[in-house]
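> Order-wise, the sequence lines are chains C and R. Residue numbers 1 to 335, in UniProt numbering, belong to the letters of the first sequence in order. Residue numbers 1 to 335, in UniProt numbering, belong to the letters of the second sequence in order. Structure incoming, see below.
Number of protein chains: 2
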Amino acid sequence: MENKTVTMAHGAGGKQTSELIDQVFKAHFANSDLTADDAAVLVPPAGRMAVSTDGFIVSPAFFPGGNIGKLSICGTVNDLACMGAKPLYLTCAFVIEEGFPMEKLEEIAAAMEKTAKEAGVHIVSGDTKVAGKGQVDGVFIITTGMGEIQEGVTVGGELAKPGDAIIVTGDIGRHGCTILLEREDFGIDADVTSDCAPLWGTVKAVMDTTHNLHVIRDATRGGVGTVLYEIAGQSNVGIRLNAAAVPVQPEVKGVCGMLGLEPLYLACEGRLVIMAPKEEADAIVETLRKCPYSADAAIIGEVIADEPGRVVMETEIGTQALLPQPGGELLPRIC
Amino acid sequence: MENKTVTMAHGAGGKQTSELIDQVFKAHFANSDLTADDAAVLVPPAGRMAVSTDGFIVSPAFFPGGNIGKLSICGTVNDLACMGAKPLYLTCAFVIEEGFPMEKLEEIAAAMEKTAKEAGVHIVSGDTKVAGKGQVDGVFIITTGMGEIQEGVTVGGELAKPGDAIIVTGDIGRHGCTILLEREDFGIDADVTSDCAPLWGTVKAVMDTTHNLHVIRDATRGGVGTVLYEIAGQSNVGIRLNAAAVPVQPEVKGVCGMLGLEPLYLACEGRLVIMAPKEEADAIVETLRKCPYSADAAIIGEVIADEPGRVVMETEIGTQALLPQPGGELLPRIC
């Protein structure tokens with residue numbers, strides 16, 4: 001495998017394509033539902049089915065805390081989890097640049113295997129295209145997930161209610177900060193790793209604690225700030241954010257300070273924003289703190305009836321300010 | 001919309017992304033199952049579910065007979081149809097190059113809308129990424145389809161039986177020939193259009209005629225020749241091909257003659273290879289000839305017990321020859 005690269009023939013649908021599929025993808029993705037044909041034959045979910053698709057074109061494809069393969073599983077698994085859906089099946093489509101190192105592709109597939117196993121999801125079908133040099137930058141992965149929506153829990157961005165507590169499941173902005181530092185040469189030497197993680201186990205633990213939940217949302221593109229604005233708009237409520245309570249790693253805070261960035265707008269890939277009636281909040285946080293990816297869970301604010309569509313921030317010295325609206329190009333692209 | 005182009009902000013997850021989704025994608029894809037959230041909530045198929053994913057990176061994105069949007073729906077719908085599955089739901093992920101003309105994107109979305117409607121499939125969820133100039137060539141589309149496998153029909157590449165008739169649903173090689181002529185400047189002026197078409201209606205008509213079917217396969221990458229070799233291998237049978245019976249448009253034949261290409265290895269995007277017991281063949285062909293995309297359906301050979309794994313061709317003058325094995329880089333990339 002070493003020193004080998006992906007060639008156009010690997011994407012041409014002939015013998016080399018079969019070899020690539022056998023040696024890299026089947027070797028890592030093997031499970032009872034994986035098909036060798038163009039379509040997988042599956043037992044559909046009982047009850048309602050959640051379906052989500054996401055494209056991953058992050059550059060660089062390898063970063064501290066993960067790679068594009070891990071990210072491509074987490075992103076889609078987490079979108080399903082946020083609907084209260086147990087992830088069952090995933091498809092993955094690869095677009096690979098001619099000359100991409102086979103070893104790197106294998107590392108990506110291995111990360112996908114590990115993450116899919118942890119999330120309890122089966123990769124069932126795939127597709128591989130090889131694009132000419134310069135036609136694509138490295139490797140793109142597109143995953144589509146199918147999940148089984150659990151009975152008794154209905155969550156959605158339009159269901160936030162005044163009086164809800166707002167919980168974040170851990171320190172924010174790490175994925176965005178990591179990619180930023182990898183992409184640009186700022187001369188900053190900070191020890192930041194991506195928070196990229198599959199969160200179905202976390203959501204399940206919370207749902208096992210209480211069914212009295214209103215919103216579960218992963219704070220990816222645009223970060224927690226963008227998610228709060230979206231929910232404020234969808235639910236026509238105001239949001240009072242206790243800025244001092246938002247967990248941010250000192251390293252991330254430091255990088256943001258130097259670069260003039262707002263951590264609230266930096267992407268996470270392993271953090272949820274949860275809104276639930278105040279009386280449930282302590283039990284939810286207690287549960288979260290026992291889960292592997294949410295030891296730093298915290299209540300960061302509440303939903304209010306005033307200021308509909310807006311996010312009002314209490315600063316550390318007690319003054320109130322409107323969190324600026326997200327918009328324009330949110331740097332860097334993080335997935 | 002005119003003169004506008006896609007910008008990085010359209011992919012950043014903020015306000016411009018919402019505008020792009022509303023004005024282009026929602027405007028064309030609206031249906032009762034389309035979600036504005038990260039995941040769609042759907043009624044799962046009854047019985048077994050077929051799932052297929054496919055990436056489309058064809059260059060040029062517009063070609064006589066279709067564009068990448070039409071192709072992205074046909075490709076996945078046809079993969080489901082070949083499993084005997086009625087297409088129900090589709091997701092689509094876009095990777096768009098910064099600077100891509102908005103008008104072109106809209107033309108692509110319009111083609112997807114039209115083709116999805118014809119195939120009776122709902123687009124339920126999507127994703128949009130914008131890549132920097134040079135990071136991607138124009139636009140890539142990845143579709144994933146979910147279908148309901150119809151009761152009473154089991155087809156598969158491993159189910160071909162000696163004595164089966166081999167039917168092709170129309171003239172072959174048009175999609176591959178079209179893309180080839182668009183990509184390379186051979187100085188050939190031939191009137192060839194892609195055969196790109198959604199084939200669920202065709203498969204349904206055949207299944208309504210008889211349930212006694214063994215193989216249904218769409219002859220995409222690698223063309224009919226590659227499909228025949230694949231099935232010969234999977235079913236461990238030989239295939240006797242009556243070369244003179246294979247329908248090929250005179251224009252395609254002409255281009256192949258000039259360029260030294262074998263039409264059997266040129267891709268189709270709207271043609272099926274069907275294998276079924278000989279006694280069913282005439283009824284199947286009769287049905288096919290009444291369907292919109294298979295007026296030229298023909299019996300082109302039979303499955304034999306001899307020569308397992310091989311495709312033996314009878315030439316027009318009666319001699320027998322082995323069809324050369326497909327392999328290596330099959331030019332041009334057609335999807």
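Note that beta-carbon positions come from the ideal geometry of N, C-alpha and C, so glycine has one too. Fair warning: this is a prediction, and the values are worked out from it, not measured in the lab.
Assess contact between the region 270 to 284 of chain R and the region 162 to 182 of chain R, defined as three or more Cβ pairs (one per stretch) separated by less than 8 Å. Is contact present?
Enough Cβ pairs lie closer than 8 Å, so yes.
> Using CA coordinates, which residue listed in C:21, C:178 and C:85 is at the minimum distance from residue 66 of chain C?
Among C:21, C:178 and C:85, the Cα nearest to that of residue 66 of chain C is on C:178.
> Just to make sure I have the definition right: I need the residues of chain R whose C-beta is within less than 8 Å of the C-beta of residue 135 of chain C. Which are they?
Those within 8 Å of residue 135 of chain C in chain R are 57, 59, 136 and 137.
> Looking at the structure shown, is residue 143 of chain R part of a helix, part of a strand, or coil, going by DSSP?
Three-state result, residue 143 of chain R: strand.
> List, in order along the chain, the chain C residues whose C-beta lies closer than 9 Å to that of residue 82 of chain R?
Under the 9 Å cutoff, chain C gives 37, 38 and 39.
> Does the Cβ of residue 236 of chain R have 16 or more other Cβ atoms within 10 Å, making it buried, or fewer, making it exposed?
Exposed is the call here.
> Within the continuous alpha helix (DSSP H) that includes residue 179 of chain C, where are the two ends?
Unbroken alpha helix (DSSP H) run through residue 179 of chain C: 174 to 183.
> Are residue 50 of chain C and residue 85 of chain C closer than 7 Å when you measure CB to CB?
Contact flag set, yes.
> For a test of the three-state rule: what should DSSP assign to residue 264 of chain R, helix, strand or coil?
DSSP places residue 264 of chain R in helix when its eight states are reduced to three.
> Counting only beta-carbon separations shorter than 7 Å, does residue 263 of chain C have a partner in chain R?
Chain R contact via Cβ: absent.
> Determine the burial state of residue 212 of chain C: buried for a count of at least 16 other Cβ atoms within 10 Å of its Cβ, exposed for fewer.
By the 10 Å Cβ count, residue 212 of chain C comes out exposed.
> By the criterion of Cβ-Cβ separation under 8 Å, what are the contact partners of residue 124 of chain R in chain C?
In chain order: 51.
> Determine the extent of the alpha helix (DSSP H) in which residue 15 of chain R is found, giving its start and end residues.
Unbroken alpha helix (DSSP H) run through residue 15 of chain R: 15 to 20.
> With residue 282 of chain R as the anchor, note down where its alpha helix (DSSP H) starts and where it stops.
Start and end: 278 to 290.
> Using the Cβ count rule (16 or more neighbours within 10 Å means buried), how would you classify residue 71 of chain R?
So residue 71 of chain R counts as buried.
> Taking 7 Å as the cut-off, decide whether the C-beta atoms of residue 80 of chain R and residue 295 of chain C are in contact.
It is not a contact, given that the beta carbons lie outside the stated cut-off.
> Strictly below 7 Å CB to CB, what residues from chain C border residue 176 of chain R?
Correct list: empty, because the minimum Cβ distance to chain C is about 11 Å.
> Using a beta-carbon distance below 7 Å, is residue 322 of chain R in contact with chain C?
Answer no: the Cβ-Cβ gap between residue 322 of chain R and chain C never drops below 7 Å.
> Leaving out five residues on either side along the sequence, give the residues of the same chain with a beta carbon under 6 Å from the beta carbon of residue 218 of chain C.
Around residue 218 of chain C: 78, 82 and 272.
> Residues of chain C with a CB under 7 Å from the CB of residue 87 of chain R: which are they?
Result: empty, since nearest Cβ-Cβ is about 10 Å, beyond 7 Å.
> Would you say the beta carbon of residue 31 of chain R comes nearer than 6 Å to a heavy atom of the ligand SAM?
With respect to the ligand SAM, the structure offers nothing, as it holds no ligand at all.
> Within 7 Å (strictly less), CB to CB, does residue 33 of chain R reach chain B?
Absent from the structure is chain B; the protein chains it does hold are C and R.
> I want to verify the contact list: residues of chain C whose CB lies under 9 Å from the CB of residue 155 of chain R, in sequence order.
Ordered by position in chain C, no residue passes the 9 Å Cβ test against residue 155 of chain R, which lies about 10 Å from the chain.
> So residue 92 of chain R is in the beta strand (DSSP E); what residue range does that whole segment cover?
Per DSSP, residue 92 of chain R belongs to the beta strand (DSSP E) from 85 to 97.
> So for residue 40 of chain C, helix, strand or coil by DSSP?
In this structure, residue 40 of chain C counts as strand in the three-state DSSP scheme.
> What residue does the alpha helix (DSSP H) around residue 69 of chain R start on, and which one ends it?
Here the alpha helix (DSSP H) through residue 69 of chain R covers 68 to 81.
> Say whether chain R places a C-beta atom closer than 7 Å to the C-beta of residue 48 of chain C.
True, the Cβ-Cβ gap to chain R drops below 7 Å.
> How would you label residue 129 of chain C, buried or exposed, when you count the other beta carbons within 10 angstroms and need 16 or more for buried?
By the 10 Å Cβ count, residue 129 of chain C comes out buried.
> Counting only beta-carbon separations shorter than 7 Å, does residue 144 of chain R have a partner in chain C?
Judged by the 7 Å Cβ criterion, residue 144 of chain R is in contact with chain C.
> Measuring straight from C-alpha to C-alpha, what distance separates residue 140 of chain C and residue 96 of chain R?
Answer to the nearest angstrom: the Cα atoms are 12 Å apart.
> Using a Cβ-Cβ cut-off of 7 Å, state whether residue 93 of chain C counts as contacting chain R.
By this cut-off, residue 93 of chain C is an interface position.
> Do residue 48 of chain C and residue 149 of chain C come within 7 Å of each other at the CB atom, strictly closer than that value?
Yes, they are a contact pair.
> Using a Cβ cut-off of 9 Å, pull out every chain C residue sitting near residue 43 of chain R, in sequence order please.
Here the neighbours are 48 and 49.
> Could you give the residue range of the beta strand (DSSP E) that holds residue 314 of chain C?
Per DSSP, residue 314 of chain C belongs to the beta strand (DSSP E) from 311 to 314.
> Applying the 10 Å Cβ sphere with the 16-neighbour rule, what's the burial state of residue 269 of chain R?
It is buried - the Cβ of residue 269 of chain R has at least 16 other Cβ atoms within 10 Å.
> Grouping DSSP H, G and I as helix and E and B as strand, with all else coil, what is residue 245 of chain R?
Residue state, collapsed to three classes: helix.
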